[in-house]
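Engineer:
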Amino acid sequence: MSFTDPFKQVCSGGASDPSRQAHPKFISQLYSIGKYSDLIVKYQGKESKVHRAIFCPQSKPLAAAIDHGFKEATTGVITFEEDDPEIVEYMIKFLYVGTYNVFARMNKLTASEMLQNATSSAKSYASSLQKL
């Protein structure tokens, strides 16, 4: 019996990896249609319907807000009013798709500025949770 390395097959295009293709596509479709959403993300006048089951396992601060009785758990609303709306949208896309295209915005901000903004937003949100 010969052993075939599944990682090699995926890399060479010989097989599809369901965890990297079928699952993310299904997850991104959940966001696109908004069906079964149980959480709302508000940011600078915009709203996105999202899913706790997608957000919480990927973000400790968001999971803490939902799991430990903060207002987000009872209202079902997470607010990022002071954050750049594009950064919030990138975060949402990343949580659903697992990637995003930074080059589309490179003429406005450099990658390091975007990372700094995203880090600042995450720290600010985590800090606000600790104060509650």
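Take the sequence shown: its position 87, counted from the start at 1, is 87 in UniProt numbering, and no numbers get skipped.
Backbone N, C-alpha and C define an ideal beta-carbon position, used for all residues, glycine too.
The model shown is predicted, which means the values in this text are computed figures rather than measured ones.
Among GLU86, GLU113, ILE54, PHE26, which residue has its Cα nearest to the Cα of SER37?
Structural biologist: ILE54
Engineer: Per the DSSP calculation, GLU47 is bridged to which residue(s)?
Structural biologist: LYS42
Engineer: In angstroms with no decimal places, state the Cα-to-Cα distance between ALA118 and GLU86.
Structural biologist: 10 Å
Engineer: What residue range is occupied by the uninterrupted alpha helix (DSSP H) comprising THR74?
Structural biologist: 71 to 75
Engineer: One question on the structure: do TYR43 and PHE80 come within less than 8 Å of each other, judged by their Cβ atoms?
Structural biologist: yes
Engineer: Buried or exposed for GLU72, going by 16 or more other Cβ atoms inside 10 Å?
Structural biologist: buried
Engineer: Is it true that the CB of VAL41 sits closer than 8 Å to the CB of VAL97?
Structural biologist: Going by C-beta atoms, VAL97 is not nearer than 8 Å to VAL41.
Engineer: Grouping DSSP H, G and I as helix and E and B as strand, with all else coil, what is PHE110?
Structural biologist: Reading off the sequence, residue 110 comes out as Thr, not Phe. Correct three-state label for THR110: coil.
Engineer: Give me the residue from ASP84, ASP83, ALA65, GLN116 with the minimum Cα distance to THR75.
Structural biologist: Per the C-alpha coordinates, the member of ASP84, ASP83, ALA65, GLN116 positioned closest to THR75 is ALA65.
Engineer: Identify whether SER120 lies in helix, strand or coil by the three-state DSSP scheme.
Structural biologist: helix
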